[in-house]
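Numbering (the numbering used here), first residue to last: 711 to 1347. Just so you know, even glycine gets a beta-carbon here, dropped at the ideal spot from N, CA and C. Computed from a predicted structure; not experimentally measured. Structure, as structure tokens:
The following block contains the structure:
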């Protein structure tokens, strides 16, 4: 055991701050990194380690500056990350070739952190230089424990390769595990945790759960929170040790109190469902708050849901919005989605604000949420907030690619209509209608049938049109039922001969009329008036169908026929000039509407889609809404 390990309890960098007076920069650096990262058998103390590294860096140690940069970027146990300061501190040691500083800058360019723009090329360049530095440090007579561990990580995740791609070969896995073990044997806590994972999963070494647990204990004893959490899970699931829920809970609690957001989140979940502890919404809320304060965006969202629903805390929509916002700003897609829909719906005590809703839904989609993309695309396409056809189509295509049938149908309608800023393209409409049909969208099936019947965007095919109309009609689509009936009857040569085609055509036309279709009702009126397709001539029946068609909102044909009947006194109707004028007016109004119908039909369909597109789970009334979001999250949001 090193001198540092022996004196760890004595307070390297203790509370009064005097223990470091007169120490050289090199000694401050040595003690600081040991406390910061768990080296030489020293138990981790993040805040003390950070203070000593800072003192050493200010005293001019480039090595200390390099590792201080990394400590600031990642955040030590008990400290918060500060990417902007980390990048500033890393500049000088990086120029001198310090691999830890180079690694920090590589990660910053990779993630776009600390004010830097994402730049994969620059990230790879910094990682390549860092890799060479770690390699040199690992080959020294007394190799650096952290350098050994980092070298193993670089080999395994591809940062050490020219193209940045990981190498999963058994040889690389074995070398990675060997480097980690050498590092762990030199007393580096993180390496011990990595070795444990290798044994638990059988990666690079023969699987040995008991050996994995042994290394986890060693790392946990050095204060590594990640090891403490993994060890807790081993007890929880009986991996490498006998299953012991009480011991697992104890270790989760210890890790959470030491600042592990993951452990705090798990404790919250256990209290919420009553697993291993007595069920308590209050305790669940307390641990979600702890995890959220430690930086867990998912727990911040869970805490927000508790405030929105009044679970474990007094219902407080203002607090709910505050925590949803924190989670969303930290990169949680479901929280951004929740905020977006809250602004659209005017829920959570927020005033309706569609523009703000669009802003948060955009953020949710950027973060990987699939659910709001269709709604957002439809809203932008139809001008629900700000008409933007190009962006609307982009969001719809993104949602459609993820399997959203609303988005797929909407794209078909947009290309079919050629309105809303999208150029008309029958073939493209057919392509999207096909996709929507396969996903079970009945309207798309009907629209695809129309395309085959009319030859719009595809070669005419009456048989395929009939098949598709039948498919949609059997699922209850009224227009498909009427079109199927008329299509079947249109091909009949001998109207007097009763055939299966005639019977089916009449059956579907009747069904469409029963479902409230005006055009089907009018057509049945004509058949009764003329005595066609097996219908007996019946003026009274014809009038009944014509009246129904008018009430259902026909195109003016039925109203016109009734007006003529009242003028002439036919169809058994008594002459009635007043009623004739009334029906002529209704016919004129219907014809006028019909003139514009073709231009607006697809727009109306798109707007209906936008209104009916699912928005969000009801947090205010459903105690299971939080779990629905979890399921949504697991499904890719």
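C-beta atoms of residue i and residue j nearer than 7 angstroms
{"i": "residue 1013", "j": "residue 1034", "result": "no"}
{"i": "residue 1225", "j": "residue 1188", "result": "yes"}
{"i": "residue 912", "j": "residue 886", "result": "no"}
{"i": "residue 961", "j": "residue 932", "result": "no"}
{"i": "residue 1192", "j": "residue 1230", "result": "yes"}
{"i": "residue 935", "j": "residue 965", "result": "yes"}
{"i": "residue 814", "j": "residue 783", "result": "yes"}
{"i": "residue 1102", "j": "residue 1087", "result": "yes"}
{"i": "residue 1180", "j": "residue 1151", "result": "no"}
{"i": "residue 1058", "j": "residue 1024", "result": "no"}
{"i": "residue 929", "j": "residue 899", "result": "yes"}
{"i": "residue 1043", "j": "residue 1100", "result": "no"}
{"i": "residue 998", "j": "residue 990", "result": "no"}
{"i": "residue 1084", "j": "residue 1109", "result": "yes"}
{"i": "residue 939", "j": "residue 945", "result": "no"}
{"i": "residue 908", "j": "residue 914", "result": "yes"}
{"i": "residue 772", "j": "residue 742", "result": "no"}
{"i": "residue 1250", "j": "residue 1234", "result": "no"}
{"i": "residue 1195", "j": "residue 1215", "result": "yes"}
{"i": "residue 1198", "j": "residue 1209", "result": "no"}
{"i": "residue 1257", "j": "residue 1273", "result": "no"}
{"i": "residue 1022", "j": "residue 995", "result": "yes"}
{"i": "residue 1252", "j": "residue 1239", "result": "yes"}
Check: residue i C-beta below 6 angstroms from any heavy atom of the ligand GDP
{"i": "residue 1198", "result": "This structure lacks the ligand GDP, and indeed carries no ligand of any kind."}
Nonlocal neighbours in the same chain, by C-beta distance under 6 angstroms from residue i, ignoring five residues either side
{"i": "residue 841", "result": "864 and 870"}
{"i": "residue 1277", "result": "1290"}
{"i": "residue 1139", "result": "1122, 1125, 1126 and 1167"}
{"i": "residue 906", "result": "922, 925 and 926"}
{"i": "residue 1098", "result": "1090"}
{"i": "residue 896", "result": "855"}
{"i": "residue 796", "result": "779, 782, 783 and 814"}
{"i": "residue 986", "result": "955, 959 and 980"}
{"i": "residue 1106", "result": "1087, 1117, 1120 and 1121"}
{"i": "residue 847", "result": "854 and 857"}
{"i": "residue 1157", "result": "1143"}
{"i": "residue 1063", "result": "1053"}
{"i": "residue 1374", "result": "Residue 1374 is absent from the structure shown; the chain starts at 711 and stops at 1347."}
{"i": "residue 1237", "result": "1243 and 1245"}
{"i": "residue 1155", "result": "1147, 1178, 1181 and 1182"}
{"i": "residue 1201", "result": "none"}
{"i": "residue 1353", "result": "Since the displayed the chain opens at 711 and closes at 1347, residue 1353 lies outside it and no answer follows."}
{"i": "residue 1227", "result": "1188 and 1192"}
{"i": "residue 836", "result": "812, 815 and 816"}
Residue interval of the alpha helix (DSSP H) (run including residue i)
{"i": "residue 775", "result": "772-784"}
{"i": "residue 877", "result": "Run containing residue 877: none; DSSP gives neither H nor E here."}
{"i": "residue 1009", "result": "1007-1019"}
{"i": "residue 1036", "result": "1027-1039"}
{"i": "residue 1052", "result": "1043-1055"}
{"i": "residue 1147", "result": "1136-1148"}
{"i": "residue 1118", "result": "1115-1127"}
{"i": "residue 1082", "result": "1081-1092"}
{"i": "residue 803", "result": "793-805"}
{"i": "residue 1233", "result": "1228-1240"}
{"i": "residue 1062", "result": "First-last for residue 1062: undefined, no H or E at that position."}
{"i": "residue 761", "result": "756-768"}
{"i": "residue 997", "result": "991-1003"}
{"i": "residue 1110", "result": "1099-1111"}
{"i": "residue 1224", "result": "1210-1224"}
{"i": "residue 736", "result": "735-747"}
{"i": "residue 1205", "result": "Unbroken run through residue 1205: none, as it is neither H nor E."}
Beta-carbon proximity list for residue i, same chain, < 7 angstroms, skipping 5 on both sides
{"i": "residue 1300", "result": "1264, 1265, 1266 and 1269"}
{"i": "residue 1174", "result": "1162"}
{"i": "residue 1336", "result": "For residue 1336, the pLDDT reaches just 43, beneath the cut-off of 50, and the residue's location in the model is therefore unreliable, although a value from the coordinates is still provided. Excluding positions up to five away in sequence, the list reads 1012 and 1015."}
{"i": "residue 876", "result": "866, 867 and 868"}
{"i": "residue 1006", "result": "971 and 975"}
Test: residue i CB closer than 7 angstroms to a CB of chain C
{"i": "residue 1002", "result": "The structure shown contains no chain C; it holds only a single protein chain."}
Contacting residues, own chain, Cβ-Cβ under 8 angstroms from residue i (five flanking each side not counted)
{"i": "residue 1149", "result": "1113, 1115 and 1118"}
Is it the case that the stretch 778-788 contacts the stretch 889-901, given that we only count it when at least three CB pairs across the two stretches are under 8 angstroms? Judged by Cβ distances under 8 angstroms, the stretch 889-901 makes no contact with the stretch 778-788, as fewer than three pairs qualify.
To test your reading of the DSSP string, which unbroken alpha helix (DSSP H) runs of 4 or more residues are found completely within the stretch 1150-1186? 1152-1164 and 1172-1183
I'd like to know if the stretch 746-758 and the stretch 783-792 are in contact, where contact means that at least 3 CB-CB pairs between them fall below 8 angstroms. yes
Could you tell me which uninterrupted alpha helix (DSSP H) segments, each at least 4 residues in length, are contained entirely in the stretch 821-855, listed from first to last along the chain? The stretch 821-855 contains these whole alpha helix (DSSP H) runs: 830-848.
As an exercise, report each continuous alpha helix (DSSP H) stretch of at least 4 residues that is fully enclosed by the stretch 920-950, in chain order. Whole alpha helix (DSSP H) segments, 4+ residues: 935-947.
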